[in-house]
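Just below is one structure, and these are the notes that go with it.
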Amino acid sequence: MRLCPALLAVCMVAGCSSPESYTPLPTAYPRVNTYADSTASAALPGLCFDINAEAGTSRPRHNWLNIAYPRYGATIYVTARQISSPDSLAAAIDARIERMALNLGERKAEMTEFDNAHGFRCRLLVCPDGGPVPVQFLAFDRKGSLLSGTAVLHGSSEPADSVFPIVESLGKDAAAILNSLR
461 MRLCPALLAV CMVAGCSSPE SYTPLPTAYP RVNTYADSTA SAALPGLCFD
511 INAEAGTSRP RHNWLNIAYP RYGATIYVTA RQISSPDSLA AAIDARIERM
561 ALNLGERKAE MTEFDNAHGF RCRLLVCPDG GPVPVQFLAF DRKGSLLSGT
611 AVLHGSSEPA DSVFPIVESL GKDAAAILNS LR
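If you're matching positions, the sequence shown starts at 461 in the working numbering and goes up one per residue.
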């Protein structure tokens, strides 16, 4: 098969031309080395749940658990309370919901509400834009157990696309805590 010399010349000229102005590429962010999906059990007074097995833990008080993620520069602070009165439980839930809204500020967030298999009503708030408090959660049952948690990014949380993988991972770990809460 013979190619027309004129067609061949046009293809060569079109293939060799390039624009005169060069546009710089957008800034790239380093990949975050995420933690494995393996879990370990953790307990606070009257409650048990699963956490990331590779995360570090500390107990500053008997009803607090700090779950540290050094690679992310983040910590999930978890608190458990046992509240005997239904009115006191409702007031504590309302106060926590208000605190979650104040922590969020003007940022938009995705809220997920569900009942887990062990009778806990769970709320998970994830702010994909980052911010200092990108993940918050709350769980309670009819017996008066109340678990709340907040993930805090230590250091810069801007720009949002650079912290999105961290927020996504912390959100998954918070969801695992809520789903396994018993």
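We put the CB at the ideal spot given by N, CA and C, even for glycine.
The structure presented is a predicted model; accordingly, all values stated were derived computationally and were not measured.
CB-CB under 6 Å to Leu598, same chain, minus the five flanking residues each way: which ones, in chain order? Arg556, Arg583, Ser608
For Glu558, does the three-state DSSP call read helix, strand or coil? helix
Alpha-carbon spacing of Ser518 relative to Ile527, whole angstroms: 7 Å
Is the CB-CB distance between Pro546 and Asn523 below 8 Å? no
What are the partner residues of Arg541, as DSSP defines its beta bridges? Leu606
For a test of the three-state rule: what should DSSP assign to Asp589, helix, strand or coil? coil
Measure the beta-carbon distance from Phe580 to Asp601 and round it to whole angstroms, keeping in mind my assumption that it falls under 8 Å. 5 Å
When you compare each of Ala534, Ala550, Ser501, Arg491 to Gln596 by their alpha carbons, which one comes out closest? Ala534
Considering only C-alpha positions, which residue in the set Leu507, Phe509, Ala503, Gly516 is nearest to Tyr495? Gly516
Let me make sure I understand the geometry here. Which of Pro484, Ile511, Arg531 has the alpha-carbon closest to that of Ser498? Ile511
How many Å lie between Arg521 and Leu606 at the Cα? 16 Å
Mind checking Leu525: buried by the 16 CB within 10 Å criterion, or exposed? buried
Shortest alpha-carbon distance to Arg567 belongs to which of Leu549, Arg531, Ser548, Pro592? Pro592
How about Ala634 and Ile536: are their beta carbons less than 8 Å apart? yes
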